[in-house]
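Below: one structure, written as structure tokens.
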Amino acid sequence: MAASPASAAPLLHPMFQDHAVLQRDQLSCRIFCTSVIEIRLLGIMPASIKLNTICEAIIVLAATCFSSVALADPCEAPIPKFGAQFDGTVRYVGDGDSLCVGTSTDARTWIEVRLADFYAPELQAPGGGAAKSTLERIAMGKAVQCTAGKRSYDRVVATCTLGGLSVADLMRRAGIAEGGRGQ
199 MAASPASAAP LLHPMFQDHA VLQRDQLSCR IFCTSVIEIR LLGIMPASIK
249 LNTICEAIIV LAATCFSSVA LADPCEAPIP KFGAQFDGTV RYVGDGDSLC
299 VGTSTDARTW IEVRLADFYA PELQAPGGGA AKSTLERIAM GKAVQCTAGK
349 RSYDRVVATC TLGGLSVADL MRRAGIAEGG RGQ
């Protein structure tokens with residue numbers, strides 16, 4: 199019997215499978231740590247298990263589970279010069295105001311873009327996850343046209359349009375409030 203779409207696991211590019219496993223494992227660690235603390239506080243855990251042992255286990259798990267893991271964006275193409283126009287399909291969304299634009303499925307053709315005219319909340323800040331999800335819904339897999347501005351770290355700051363409309367304006371129309379560090 200075929201699995202229903204709702205129960206089927208999402209298909210992920212192999213590059214992102216480790217990230218999905220990491221997120222799942224972090225959630226498992228959070229649930230475990232919370233359960234151990236609740237069991238101990240409720241007195242369900244036998245007194246023969248020393249609290250120091252539990253604390254040590256929680257500290258190790260916390261260091262493993264809650265550490266911040268920086269995943270590099272997969273974009274590998276050279277950064278275009280100031281004023282250059284480029285287009286392609288949105289292949290990856292890093293957060294609410296950064297994405298990769300490429301002409302093929304080869305990450306070596308993907309240009310890393312920071313939207314010049316929209317400042318999304320940071321991914322870990324309130325509203326950051328919603329901003330990323332909205333940008334994915336609006337732009338992922340769609341053709342965009344961009345104009346390169348200045349360089350910022352390992353990416354280009356650019357204005358991009360989708361169907362003749364500014365991606366930044368589409369984000370605002372979708373109700374995403376700005377609030378990132380760039381504002």
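199 is the number of the first residue of the sequence shown in the numbering used here; add one for each residue after it.
Quick reminder that beta carbons are idealized off the backbone N, C-alpha and C, glycines included.
Should TYR351 go down as buried or exposed, given a rule of 16 or more other Cβ atoms within 10 Å for buried?
-> By the Cβ-count criterion, TYR351 is exposed, with fewer than 16 other Cβ atoms from all chains shown falling within 10 Å of its own Cβ.
Below 6 Å CB to CB, which residues in the same chain sit around GLU310 once its five sequence neighbours on both sides are set aside?
-> Answer for GLU310: ASP271, CYS273, CYS298, ARG353, listed in chain order.
DSSP state of SER331 mapped onto helix, strand, coil | In the structure shown, SER331 sits in a helix (DSSP, three-state: H, G or I).
Helix, strand or coil for ILE309 per DSSP?
-> Under the three-state reduction of DSSP, ILE309 is assigned to strand.
Can you have a look at GLU296 and say buried or exposed, based on whether 16 or more other CB atoms are within 10 angstroms of its CB?
-> The sequence shown places Ser at residue 296, rather than the Glu named in the question. By the neighbour-count rule (16 or more Cβ atoms within 10 Å), SER296 is buried.
Inter-residue spacing [alpha-carbon to alpha-carbon] between PHE284 and GLY294 | Distance between the alpha carbons of PHE284 and GLY294: 20 Å.
Where do the ends of the beta strand (DSSP E) carrying ASP285 lie?
-> Per DSSP, ASP285 belongs to the beta strand (DSSP E) from 283-293.
Put GLY361 into one of helix, strand or coil per three-state DSSP.
-> GLY361 carries a coil assignment under DSSP once its states are collapsed to helix, strand and coil.
Determine the extent of the beta strand (DSSP E) in which GLY300 is found, giving its start and end residues.
-> Bounds of the beta strand (DSSP E) holding GLY300 are 296-300.
Backbone secondary structure at GLY326 - three-state DSSP | Three-state DSSP puts GLY326 in a helix.
Using 10 angstroms around the beta-carbon of PRO319, count the other beta-carbons present and answer buried if the total reaches 16, otherwise exposed.
-> By the beta-carbon neighbour count (other beta carbons within 10 angstroms, threshold 16), PRO319 is buried.
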